[in-house]
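Below is one structure, written out as structure tokens; comments come after it.
Protein chains: 2
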Amino acid sequence: MSTFDKESHEAMSIIKKTYKDQVVDYVYQLLLSGDLSPGDQLKESLLAEQMGISRAPIREAMKELIMNGLVDYRPQVGNFIPVLSPKQIIDSYTTRGVLEGFAVMETCRQFSGEDFEKLDNLVDEMARFAHMSNHKMVVQVGGEFHDLLISKSNNGQLLEYTDRLSLKLHILFYKHWGRLYSPEEIGARHNKIVESIKSQDLDRIEKTVREHYIETGTKIATL
Amino acid sequence: MSTFDKESHEAMSIIKKTYKDQVVDYVYQLLLSGDLSPGDQLKESLLAEQMGISRAPIREAMKELIMNGLVDYRPQVGNFIPVLSPKQIIDSYTTRGVLEGFAVMETCRQFSGEDFEKLDNLVDEMARFAHMSNHKMVVQVGGEFHDLLISKSNNGQLLEYTDRLSLKLHILFYKHWGRLYSPEEIGARHNKIVESIKSQDLDRIEKTVREHYIETGTKIATL
DNA sequence: TCACTCCTTAATGTCGACATTCGACAAGGA
DNA sequence: TCCTTGTCGAATGTCGACATTAAGGAGTGA
């Protein structure tokens with residue numbers, strides 16, 4: 266039907282409508298490209314000038330970035346890209362491990378044979394891309410892996426927090442993810458998670474996922 | 266010294282400075298007093314008129330309320346007090362239980378004899394106030410109890426989320442807390458937590474705190 | 001009666017200008 | 001030298017007005 270076509274067309278072309286959303290994406294790009302580094306200040310006037318808009322939508326975007334932990338706000342002073350201490354890095358990853366560990370544990374019985382097949386394939390892909398030093402694809406496939414892990418949970422509150430955390434950690438540290446572990450280690454570490462789910466041992470699952478993230482955080486914190 | 270006196274005086278008198286903070290507090294009061302109920306819309310123009318200020322600080326305040334989960338934002342439509350379904354209530358309490366359960370478990374060895382004395386006293390107080398049907402004090406002492414429980418944790422990321430969750434749940438449901446359980450049940454439920462910490466059994470501690478909150482959420486969800 | 005279109009209304013989204021406040025640096029005195 | 005004080009610049013905080021858009025009702029046709 267034409268109605269559907271129209272809707273899907275709109276969905277494709279007008280994904281970003283308000284200036285606020287464009288600003289958020291712009292800042293994400295600045296961070297991912299390295300043009301913006303921890304400690305840098307985001308000056309509203311400067312951003313407004315660069316994007317050819319007023320400060321109002323800039324301020325709106327700042328609030329969203331603050332909510333997602335990608336900007337530190339100091340009243341009457343300004344907005345800064347956060348500089349995470351080693352402990353703060355570990356804390357963030359630990360919290361993510363606590364939340365996702367619970368999510369996976371709680372939903373472990375919903376994983377089908379097809380799901381396990383997908384998970385195994387994703388692990389293989391990660392190891393293969395790691396062997397080819399294609400760090401970008403390692404990160405992408407790793408994202409799919411973790412998305413599938415928590416996809417069974419329908420705890421909206423928990424997913425809200427895990428989404429925020431994974432976004433924050435992705436933006437701030439994705440550059441390191443591909444080089445943290447050897448291809449063999451990457452495969453082994455993620456296989457460990459899949460195996461724990463297959464075991465249906467609740468405590469083991471939760472502990473495995475938790476330690477996976479704590480290990481990752483500890484490693485990043487020591488870079 | 267006069268320097269100290271001056272600082273403490275300032276800290277006492279100039280707590281609320283910006284209009285934004287005043288708006289946030291104003292909305293909290295509206296919620297706590299019942300003048301604002303789930304489903305109600307917060308119209309920027311109306312709030313601005315009521316407080317004699319412009320819409321700019323109102324919008325700033327909305328962002329903070331959204332971040333804390335006390336306002337639902339619908340683009341181009343407005344800001345609404347969230348209407349939580351029974352499942353959403355349970356999800357929120359479950360998530361709080363997961364986070365605080367981990368926090369308490371991880372710090373259980375730091376509780377001193379003095380801490381346990383305080384915890385026991387707080388439980389007694391709660392039961393006593395419950396017997397007197399002083400629901401307000403039950404809630405307040407309960408807050409002190411839970412604050413002490415997580416006070417040992419220095420995981421900033423985890424505390425950030427637990428603070429947001431406890432604030433949200435307090436604002437939305439504090440009215441019910443005093444009447445959920447009998448005085449005996451209140452004492453028993455909280456004693457169970459203290460006893461688990463005394464046992465130093467990590468799994469038991471985490472499980473106890475978790476179930477404490479899931480139970481509470483389930484009970485509130487059925488009201 | 002029902003469905004569709006148009007229009008009005010009221011809310012949010014954005015703008016440019018002004019007010020306020022923090023931080024740094026320079027000047028002065030113990 | 002160190003501490004205090006005053007000034008200045010630059011950034012955020014706030015304002016009132018205008019632009020844009022979503023929701024609901026009036027009106028028309030079958």
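Chains A and B, in that order, give the protein sequences. Just remember that our numbering sits 265 ahead of the position in the first sequence, which is counted from 1. Just remember that our numbering sits 265 ahead of the position in the second sequence, which is counted from 1. Backbone N, C-alpha and C define an ideal beta-carbon position, used for all residues, glycine too.
Three-state secondary structure assigned by DSSP to residue i
i	result
Y338(B)	strand
L301(B)	coil
T268(A)	Here the model assigns T268(A) a pLDDT of 32, short of 50, so the residue's position is not dependable, and the following value carries that caveat. Residue state, collapsed to three classes: helix.
F503(B)	One cannot answer for residue 503(B) here, as it falls past the ends of chain B, which runs 266 to 488.
L488(B)	coil
T481(A)	helix
Q465(A)	coil
H274(A)	Reliability fails at H274(A), whose pLDDT of 36 lies under 50, so the model's placement of it is uncertain and the value that follows must be treated cautiously. In the structure shown, H274(A) sits in a helix (DSSP, three-state: H, G or I).
Interface residues of chain A facing residue i [CB-CB closer than 7 Å]
i	result
K328(B)	K328
Q315(B)	Under the 7 Å cutoff, chain A gives no residues; its nearest Cβ is about 22 Å from Q315(B).
D356(B)	N420, G421, Q422, L423
Neighbour list for residue i in chain A, Cβ cutoff strictly below 8 Å
i	result
F367(B)	V363
M332(B)	K328, I331, M332
Y338(B)	Within chain A, no residue comes near Y338(B); the closest Cβ sits about 10 Å away, beyond 8 Å.
Q353(B)	G421, Q422
Span separating the alpha-carbon of residue i from that of residue j
i	j	result
S273(B)	E480(B)	Reliability of the predicted coordinates at S273(B) is poor, the pLDDT of 39 falling under 50, and the value obtained from them is presented with this limitation in mind. Roughly 41 Å between the two C-alpha positions.
S464(B)	F376(B)	12 Å
Q287(B)	R320(B)	13 Å
E471(A)	L364(B)	13 Å
L477(B)	M402(A)	For clarity, residue 477(B) is His in the given sequence; the question names Leu instead. If I take the Cα positions, the gap works out to 43 Å.
N386(B)	V388(A)	52 Å
K433(B)	L384(A)	36 Å
E314(B)	I323(B)	10 Å
T360(B)	G421(A)	10 Å
E425(B)	M370(B)	18 Å
N456(B)	T372(B)	18 Å
K417(B)	I318(A)	46 Å
L445(B)	L330(B)	27 Å
E409(B)	V474(A)	32 Å
I436(A)	Y291(B)	35 Å
K285(A)	T283(B)	23 Å
I346(B)	L488(B)	19 Å
G407(B)	W442(A)	43 Å
V404(B)	M332(A)	28 Å
P340(B)	A486(A)	38 Å
F438(A)	A392(B)	48 Å
K328(A)	G362(A)	26 Å
F367(A)	H396(B)	37 Å
Q306(A)	K440(B)	42 Å
D300(A)	L311(A)	14 Å
E309(B)	V342(B)	11 Å
K484(A)	V348(A)	17 Å
L413(B)	E382(B)	12 Å
D428(A)	G334(B)	15 Å
S431(B)	E325(B)	22 Å
S302(A)	L296(A)	7 Å
Q294(A)	V336(A)	14 Å
Y358(B)	G378(A)	32 Å
R454(A)	R469(A)	14 Å
Proximal residues of chain B, C-beta to C-beta of residue i below 8 Å
i	result
T359(A)	N420, Q422, L423
Y426(A)	T360, Y426
Uninterrupted alpha helix (DSSP H) stretches inside the segment 413 to 452 of chain B (no shorter than 4 residues): Uninterrupted alpha helix (DSSP H) stretches at least 4 residues long and entirely within the segment 413 to 452 of chain B occur at 421 to 442, given in chain order.
Length-filtered (4 minimum) alpha helix (DSSP H) runs lying within the segment 356 to 420 of chain B: 378 to 396, 400 to 415
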